[in-house]
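Residue numbers (the numbering used here): 2 to 135.
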């Protein structure tokens, strides 16, 4: 973030509030509004206190359009949260088939994190989502 609003620096509380709002936009799939935040200086890979990026939240909540838009903006498809979970493993856990396919097509590492996407797919009976993946 640029750190200014009307020529002054943002307070820590204002900064936290902006981050919270942007995270909620990712979680709820309000893609256009989230992209506006990015256009105004919010980093695409910003993370919340739990290490969840916009991409992680969008993937976990099945927001395929938001996931695709974040990937197009350069989001790190392999950025794991503080619990070592990857966006693709989260999408597999939630059964978000189209999101998994989008992340795999964008080069998500299926062997990163704990559990890995491959382990999650096997554990939850969703190995079909990774058929044909490298």
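Glycine residues also receive a C-beta, built at the ideal position from the N, C-alpha and C atoms. Model, not experiment: these values are computed from the prediction.
Taken through DSSP and simplified to helix, strand or coil, residue 9 comes out as strand. Around residue 81, the same chain offers 87 and 114 as residues with beta carbons nearer than 6 Å, after the five sequence neighbours per side are excluded. Beyond the five residues adjoining it in sequence on each side, residue 61 comes within less than 7 Å, by CB distance, of 91, 92 and 95 in the same chain, given in chain order.
Within the DSSP secondary-structure output, residue 54 pairs in a beta bridge with 48.
Contact check for residue 111 against residue 78 fails: the beta carbons are separated by 8 Å or more. For residue 105, the enclosing alpha helix (DSSP H) stretches over residues 98-106.
Closest option to residue 36, judged by alpha-carbon separation, among 99, 71 and 104: 71.
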